[in-house]
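Residues in the sequence shown are numbered from 0 upward in steps of one, following numbering that gives the first Met the number 0.
All C-beta atoms, glycine included, are put in the ideal place defined by N, C-alpha and C.
Since the model is a prediction, treat every value here as computed from it, not as a measurement.
I have placed the structure first, in the form of structure tokens, so that the comments after it can refer back to it.
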Amino acid sequence: MLLNRYISKSLIYPILLVIFTFTFLVWLTQSLRFIDFIVNKGIDVGIIFTVTMLMMPTFINMVLPISVCIGIVFFYHKMMNDNEITVMKSIGQNNFAIAKPGLYVASIATLIGFAFSCFITPTSASTFQEKKRFLQHNYAAMVLQEGVFTEPIKGITIFIDQIENNSNFKGILVSDERDENKDVLILAKEAKVVNNGDQTIFELTSGNRQEKKDNKINVLAFDKFPVNISNFVKSSYSLNKDPEEMNIVELFKNLDKDSDIYTKMISEINNRIAWPLLNITLSLVALSILLKSKNSRYGYFKNVFKTSLAATVVTAGIVLLVMLSARNINLVPLIYVYLLSVSSVSMWQLQKN
């Protein structure tokens, strides 16, 4: 039907606008955390941009159901104010028929949500964690600059006179003040960065180490001297993915009742399934309230408040149930009973005369 196409197409724009706005705000908030790395640590902007962009699928997946709900509230209320809903009812359209385009868009959003939650988001999360671990263990070496005093980690200041091929350093001065009881100054002709597992070693060649302690200076000449400039990350590299980094196929494939994270994996699977279903549930809730409301032309804030409150309660309920099921997998069926109950009541409200 031409009218249904018009409503469906018109719904897409406000939904996309809300998704873009929410995602941009969350992305901007997260990006601000990396400003220090760019300004004070000298990390390349491109690397930071790549890392933050890898978080985008997670944000989109989070805001999609809420965005669909807001888009439906905005557009259907606009139709009410323009008396379009009244005209549709006058030609024999009931509430459910009027709600169909919104539910159609919500169904498409649900399929997109499944694609994000089951495959796109975990893939980006896995890549993000790899990039994050790489930065944590290697950023100290990345910030070393020629002719500049840099502090790759707290307590260690490094000056390099010359850098060749981004890997060979000449004319090095290292000030180590990590120990409050002594000051260490190291001079070396050459140096290179060596990655040793989860540690980054600044290996100095042909120099001397001067240590001042109790007003005494001890000088030690060396051929090679290692300085640990890693970020002292607590966790080491791990080839095992967390449940959040596995797609839905990997989660089912690695499901083991004897595993220590069995309950966590069950919770993750059900979270992947339940969250996209919120697109349908929240849309039904919004439409059932809007289309059954009276004096909609003059009750904008009242209708928006009622719809927002209902959507917030439903969303909070599903989040709470997912959290509880992570502790007790016997509560998992309640997630789907809850979604089905809310959807059924909303559908019943829509079909009432």
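Given this structure, state the Cα-to-Cα distance separating residue i from residue j, to the nearest angstrom.
| i | j | result |
| --- | --- | --- |
| lysine 301 | leucine 290 | 13 Å |
| arginine 132 | leucine 283 | 42 Å |
| glycine 112 | tryptophan 274 | 8 Å |
| leucine 323 | leucine 330 | 7 Å |
| proline 100 | phenylalanine 73 | 14 Å |
| threonine 311 | valine 44 | 37 Å |
| threonine 262 | leucine 320 | 14 Å |
| methionine 52 | leucine 24 | 13 Å |
| valine 318 | isoleucine 272 | 13 Å |
| lysine 351 | asparagine 278 | 22 Å |
| serine 237 | aspartate 257 | Any reading at serine 237 is ruled out, since the residue's pLDDT is 49, under 50, leaving its predicted position unreliable. |
| serine 340 | proline 332 | 12 Å |
| valine 17 | glycine 316 | 23 Å |
| serine 116 | leucine 349 | 29 Å |
| phenylalanine 21 | leucine 102 | 22 Å |
| valine 147 | isoleucine 159 | 7 Å |
| asparagine 270 | alanine 309 | 21 Å |
| valine 313 | serine 89 | 32 Å |
| tyrosine 299 | asparagine 246 | 42 Å |
Between residue i and the rest of its own chain, which residues show a CB-CB distance below 8 Å, the 5 nearest in sequence each way excluded?
| i | result |
| --- | --- |
| aspartate 222 | Thr204, Ser205 |
| phenylalanine 33 | Ile42, Ile47, Val50, Thr51 |
| valine 303 | Val72, His76 |
| isoleucine 216 | Gln209, Glu210 |
Mind reading off the beta-carbon distance from residue i to residue j? Whole number of angstroms is fine, and I expect it under 8 Å.
| i | j | result |
| --- | --- | --- |
| threonine 280 | serine 342 | 5 Å |
| isoleucine 353 | proline 56 | What the structure shows of the chain is the stretch from 0 to 352, and residue 353 is not part of that stretch, so it cannot be assessed. |
| leucine 143 | isoleucine 157 | 6 Å |
| glutamine 92 | glutamate 244 | No, glutamine 92 and glutamate 244 are not in contact; Cβ-Cβ is about 47 Å, not under 8 Å. |
| valine 104 | leucine 10 | 5 Å |
| arginine 208 | valine 183 | 7 Å |
| serine 345 | serine 307 | So it is not a contact: roughly 15 Å between Cβ atoms. |
| serine 125 | lysine 240 | 6 Å |
| alanine 285 | cysteine 68 | 5 Å |
| lysine 212 | lysine 181 | 4 Å |
| leucine 276 | threonine 109 | 6 Å |
Near residue i, which residues of its chain fall below 7 Å by C-beta distance, leaving aside the five closest residues on each side in sequence?
| i | result |
| --- | --- |
| isoleucine 162 | Glu145, Phe168 |
| asparagine 361 | This structure cannot settle anything about residue 361, because the visible part of the chain is limited to 0 through 352. |
| arginine 177 | Gly154, Ile155 |
| glutamate 202 | Ala190, Lys191, Val193, Lys223, Pro225 |
| alanine 220 | Asn207 |
| isoleucine 97 | Ile84, Met87, Leu290 |
What does residue i pair with, by DSSP beta-bridge criteria?
| i | result |
| --- | --- |
| asparagine 194 | Thr199 |
| serine 174 | Thr156, Leu184 |
| lysine 223 | Thr204 |
| asparagine 167 | Glu163, Lys191 |
| glutamate 145 | Ile159 |
| glutamate 210 | Val183, Asn217 |
Who are the Cβ neighbours of residue i in its own chain at under 6 Å, not counting the five residues just before and after it?
| i | result |
| --- | --- |
| tyrosine 335 | none |
| isoleucine 265 | Ile328 |
| aspartate 175 | Ile155, Val183 |
| serine 234 | Confidence in serine 234 is poor, its pLDDT being 44 and thus under 50, which makes the residue's placement too unreliable to answer from. |
Mind pulling the alpha helix (DSSP H) runs of 4 or more residues that sit fully within the stretch 61 to 105?
The stretch 61 to 105 contains these whole alpha helix (DSSP H) runs: 83 to 89.
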